[in-house]
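Contents: one structure, followed by commentary.
Protein chains: 2
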Amino acid sequence: MKKYGFGVDIGGTTCKIGLFETTGQLMEKWEIPTDTREEGKNILSDIAESLHEKMDQHCISKEELEGIGVGLPGPVRMDGIVPVCVNLGWKSKNVSQELEAMMDHIPVKAANDANVAALGEMWQGGGKGCENVVMVTLGTGVGGGIIVGGRIVSGSNGAGGEIGHITVNPHEEISCNCGRKGCLEQYASATGITRLARERLAGAHEKSLLDQTEEVTAKAVFDAYKEGDAVAAEIVEKFARILGNALSNIACVADPEVFVIGGGVSKAGKPLLDAVHKYYCKSAFSSCTDTRFALASLGNDAGMYGCVKLILD
Amino acid sequence: MKKYGFGVDIGGTTCKIGLFETTGQLMEKWEIPTDTREEGKNILSDIAESLHEKMDQHCISKEELEGIGVGLPGPVRMDGIVPVCVNLGWKSKNVSQELEAMMDHIPVKAANDANVAALGEMWQGGGKGCENVVMVTLGTGVGGGIIVGGRIVSGSNGAGGEIGHITVNPHEEISCNCGRKGCLEQYASATGITRLARERLAGAHEKSLLDQTEEVTAKAVFDAYKEGDAVAAEIVEKFARILGNALSNIACVADPEVFVIGGGVSKAGKPLLDAVHKYYCKSAFSSCTDTRFALASLGNDAGMYGCVKLILD
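Going down the list, the protein sequences come from chains A and B.
For the first sequence, the working numbering begins at 118 and goes up steadily by one.
For the second sequence, the working numbering begins at 118 and goes up steadily by one.
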């Protein structure tokens, strides 16, 4: 194993880049803007320039680099081809091949950003020590990543771990962003929790801390829940029941050692984890009731970590 | 790669054994009774004796054998330990170690029977040519096996692919064999379809071929469906909707190239496949709508095939 690796997590606004020792130690991280103009044609060359600069600065030679891992906000096929990446302006692109050509043939591997985040949390975060991990990212949407035997399950269409689009309510009438109805994301994301809260508050209810809240956000709901607010508790219980049940079904497919919960909503911390875990246990298949629940611990750096792990296999 | 391999699928009544060329060619198959007396203490020695006999008969030396794969009706941990196997009378047992000791250290690998059946169908059956396969076995219960990158997802508790126990109806009042309520198995197994039929026939309905049927079985329902019977069609549509929806949720986790449908109920053939596929497409996440559906083609031999594939990796 060589000494260093780069992790490059490309987002629609910035690229998060990390220089790592292959032991898992983050040495330095920085960001560069993602230039999405002209179908994103400069994104990879901007990254290559930044990596070359960093190598010069630290006197790191090509021979000392194990490789470069890249996370992308879109599906990545098993052959490394990105069929399309709307957020970056890309049409079909062979990211590994193009970036390798710009980097004196240092090996490059690419994967979906939610999947590398899961891999990062498995390697150095909330799932450390495990090889079978399901990561759930509760943000604006609900993302996920499935790790089996230490490797990403990317899926034959790049849809492995798209757990936000599991149908949890066939009777839903409002559409999800994906065009279907009743997806997990419509209830368990920040947006989803806000909606559950609005619906509950529109009905009759006892006094609630949420009545005074200017904007009812997922954070406001969990803050009120922690204060013992009964209405907030109802909202949290509904969210937790829907998510806990969905995770118990995922356990019947992938049977992970641990569910790692991350994303903005997970900042609510242990009370959130406990609520989801309670409903998970109620509905889990008998063999899976002991599956652990952990909070993600790498925050926005998870993707960078996972990118580096990607090149170590 | 050596020339030969044995596949041993141990059931509660008989052990199905196959001598294979490692190319995938089945040379000979036979059965021996499974002796479950005295906590099944003779099962492995009976198998060893039978394998030794077959080696003598065909003049196959130890050096020509790649290994012995074993399928078991219970969970197998990733370290090869069988924690318990009720159907065989076993408590904790290291199958590989024990059988290797009886077989002059020819390598032995063990896995769950539903999982090796999935692997077999991937290798030489309905999923041939694919590396990412979800197998669904519709028998007395509903079993499953998840293959990712050509390997079994056994899960951290041996519950990988236990898709029969995905909760599909949280409002169910009758209990599943597993003790929980609303499992897929309660609707999509032979028993489940029979129950759906009985419930439908108990209500008011137009004339149906099923009225004259002495015993309303899953087979009778599909036979009537193929004859254009309207009541049977309602039952099949309900079964297909529940199973199709569940498979669309599995696709959001494992995203296989193909769903392979096997087990006794699948003898209903293409009409069954088409009905399930229709509902799958209606509810599938956009990236996964093109996932193929295929019938299992190895029947009861699938497990033996998968056992051999197990030792080739």
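Backbone N, C-alpha and C define an ideal beta-carbon position, used for all residues, glycine too.
Whether residue i touches residue j by CB criterion (7 Å)
i, j, result
"A/Asn294", "A/Pro373", "no"
"A/Thr254", "A/Gly345", "no"
"B/Ser306", "B/Gly258", "yes"
"A/Asp163", "A/Ile177", "no"
"A/Ala363", "B/Cys405", "no"
"B/Glu183", "B/Gly122", "yes"
"B/Gly278", "B/Gly262", "yes"
"B/Val225", "B/Ile185", "yes"
"A/Val193", "A/Val201", "no"
"B/Ala371", "B/Val233", "no"
"A/Glu156", "A/Gly206", "yes"
"A/Leu412", "A/Ile352", "no"
Reference residue i, options the options, closest by Cα
i, options, result
"A/Thr139", "A/Lys120, A/Gly129 and A/Glu155", "A/Lys120"
"A/Arg154", "A/Ile185, A/Gly197 and A/Val203", "A/Val203"
"A/Glu238", "A/Val285, A/Asp430 and A/Asn417", "A/Asn417"
"B/Lys171", "B/Met220, B/Gly423 and B/Leu189", "B/Met220"
"B/Ala431", "B/Gly206, B/Val187 and B/Phe339", "Residue numbering for chain B in the displayed model covers 118 to 430; residue 431 of chain B lies beyond these limits and cannot be assessed."
"A/Tyr342", "A/Asp173, A/Lys387 and A/Ala363", "A/Lys387"
"B/Ile127", "B/Gly420, B/Ile428 and B/Asp430", "B/Gly420"
"A/Gly191", "A/Asp230, A/Glu217 and A/Gly157", "A/Asp230"
"A/Glu180", "A/Ile198, A/Val199 and A/Met118", "A/Met118"
"B/Gly260", "B/Lys210, B/Ser365, B/Asp430 and B/Val377", "B/Val377"
"A/Leu326", "A/Ala337, A/Ala319, A/Arg317 and A/Leu429", "A/Ala337"
"B/Leu415", "B/Leu236, B/Ser213 and B/Cys300", "B/Leu236"
"A/Ala321", "A/Ala335, A/Asp340, A/Val348 and A/Glu290", "A/Val348"
"B/Met144", "B/Tyr422, B/Tyr396, B/Glu215 and B/Asp430", "B/Tyr422"
"B/Asp430", "B/Glu217, B/His222 and B/Gly266", "B/Gly266"
"A/Ser365", "A/Gly141, A/Tyr396 and A/Asp152", "A/Tyr396"
"A/Thr308", "A/Gln214, A/Glu290, A/Val333 and A/Glu166", "A/Val333"
"B/Ser383", "B/Gly256, B/Ser213 and B/Lys298", "B/Gly256"
Spatial distance of residue i from residue j (CA atoms)
i, j, result
"B/His175", "B/Leu136", "10 Å"
"B/Val375", "B/Thr130", "31 Å"
"A/Trp240", "A/Lys426", "7 Å"
"B/His282", "A/Lys146", "44 Å"
"B/Ile269", "A/Lys208", "34 Å"
"B/His169", "A/Cys369", "38 Å"
"B/Ala350", "B/Thr311", "14 Å"
"A/Gly381", "A/Asn286", "24 Å"
"B/Lys133", "B/Cys424", "11 Å"
"A/Ala335", "B/Ile264", "37 Å"
"B/Thr408", "A/Cys300", "19 Å"
"A/Ile428", "B/His222", "36 Å"
"B/Lys158", "B/Met195", "23 Å"
"A/Ser167", "A/Gly296", "39 Å"
"A/Glu217", "B/His288", "54 Å"
"B/Ala385", "B/Asp340", "8 Å"
"B/Leu318", "B/Glu215", "52 Å"
"B/Glu302", "A/Ile280", "22 Å"
"B/Asp173", "B/Asn274", "39 Å"
"B/Ser292", "B/Tyr304", "12 Å"
"A/Arg315", "A/Gln142", "44 Å"
"B/Ala165", "B/Asp152", "13 Å"
"B/Asn211", "B/Leu189", "12 Å"
Three-state class that DSSP yields for residue i in the structure shown
i, result
"B/Asp126", "strand"
"B/Asn249", "coil"
"B/Cys369", "helix"
"B/Cys405", "helix"
"A/Arg424", "Sequence check: residue 424 of chain A is Cys here, not Arg. Helix, per DSSP."
"A/Cys202", "strand"
"A/Gly260", "strand"
"B/Cys398", "helix"
"B/Lys171", "helix"
"A/Val333", "coil"
"A/Lys146", "strand"
"A/Asn232", "helix"
"B/Glu215", "helix"
"A/Gly281", "helix"
"B/Ile269", "strand"
"B/Thr308", "helix"
TODO: Determine contact between the region 231-250 of chain B and the region 355-366 of chain B, defined as no fewer than three beta-carbon pairs at a distance below 8 Å.
DONE: no
- [ ] Take every Cβ of the region 387-394 of chain B, pair it with every Cβ of the region 401-413 of chain A, and state whether three or more of those distances are shorter than 8 Å.
- [x] no
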